[in-house]
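> Dumping the structure here so I can ask a few things about it.
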Amino acid sequence: MPFGLCNAPGTFQRCMMFIFHDMIEKTIEVFMDDFSVFGDSFSSCLTNLDKMLNRCEEMNLVLNWEKCHFMCREGIVLGHKISKSGIEVDRAKVDVIAKLPHPTTVKGVRSFLGHAGFYRLFIQDFSKIARPMTHLLEKETPFVFSKKCIDAFNTLKKKLTEAPILVVPD
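Residues in the sequence shown are numbered consecutively from -1, following the numbering used here.
Take a look at the structure:
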């Protein structure tokens, strides 16, 4: 698929969905060029992997073997750590956020909220906690990083480092 086409990502995703339609949500998850093959046991995972690789071969899809990981109990997928336990935040990304000093500009607030907002599912009442900071993003609001903003900033950083593991309900 050539780069620069405005519809290329959507077209590519539809293509992947078409190619793997009978496997998706049963033995494989596909997001763009990221494939996650799974199974209840080691042997079923091997069988599912074999089916996926055969399909790739049939459809002339080329895999970058340097980016492939096989038979992992956990891995980073789209910025989240996925394991049998559930979905967790990627510690490497959270550690970067945890070391940030509080923002001194509107651009800094926007950047922090964007990064922290990526993990908003892991923080209960994220929008309520972040409200003093989001108020600074409104037009005609003077930039004053008040005590409430500092508290919100520190609370979000603390909650990110203590983020729970999200599990699928039975």
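We put the beta carbon where it would ideally sit given N, CA and C, even for glycine.
As the structure is a prediction and not an experimental result, all values here were calculated from the model.
So the alpha helix (DSSP H) Ile220 belongs to, where does it begin and stop?
An answer regarding residue 220 cannot be provided, because it is not within the stretch -1 to 168 covered by the chain.
> Between Asp93 and Glu56, what straight-line distance do the alpha-carbon atoms span, to the nearest angstrom?
So the two alpha carbons sit approximately 42 Å from each other.
> From the DSSP secondary-structure annotation, give me the bridge partner or partners of Phe34.
Note that residue 34 is Ser in the sequence shown here, rather than Phe. The partner list for Ser34 (beta bridge, DSSP) reads Glu27.
> Flag this pair as yes or no: are the beta carbons of Phe120 and Val75 separated by less than 7 Å?
No.
> How many Å lie between Ser41 and His78 at the Cα?
When rounded, the distance between both Cα atoms is 26 Å.
> Roughly how many whole angstroms lie between the Cα atoms of Ser83 and Cys147?
Looking at the two C-alpha atoms, the distance is approximately 34 Å.
> Could you give the distance in angstroms between the alpha-carbon of Lys49 and the alpha-carbon of Ile85?
If you take the alpha carbons of Lys49 and Ile85, they lie about 26 Å apart.
> Where does His78 fall in DSSP's three states?
Here His78 sits in strand by DSSP.
> Alpha carbon to alpha carbon, how far is Lys126 from Pro101?
In a straight line, the C-alpha of Lys126 is about 19 Å away from that of Pro101.
> Give me the Cβ distance between Phe18 and Arg53, rounded to the nearest whole Å; I'm assuming they're in contact under 8 Å.
About 6 Å separates the two Cβ atoms, so the contact holds.
> What are the partner residues of Glu86, as DSSP defines its beta bridges?
Paired residue(s): Lys79.
> In the DSSP assignment, find the unbroken alpha helix (DSSP H) run with His113 in it and report its ends.
First-last of the alpha helix (DSSP H) with His113: 104 to 115.
> If Phe141 and Leu134 are in contact, beta carbons under 8 Å, what's the gap, nearest whole angstrom?
Rounded, the Cβ-Cβ distance is 6 Å, consistent with contact.
> Does the separation of the CB atoms of Thr153 and Ala96 fall below 7 Å?
Cβ atoms of Thr153 and Ala96: not closer than 7 Å.
> From His67 to Phe36, what distance separates their C-alpha atoms?
Each residue's alpha carbon lies about 12 Å from the other.
> Nearest to Pro99 by alpha carbon, out of Lys91, Lys155, Arg71?
Checked all of Lys91, Lys155, Arg71; the closest Cα to Pro99 is Lys155.
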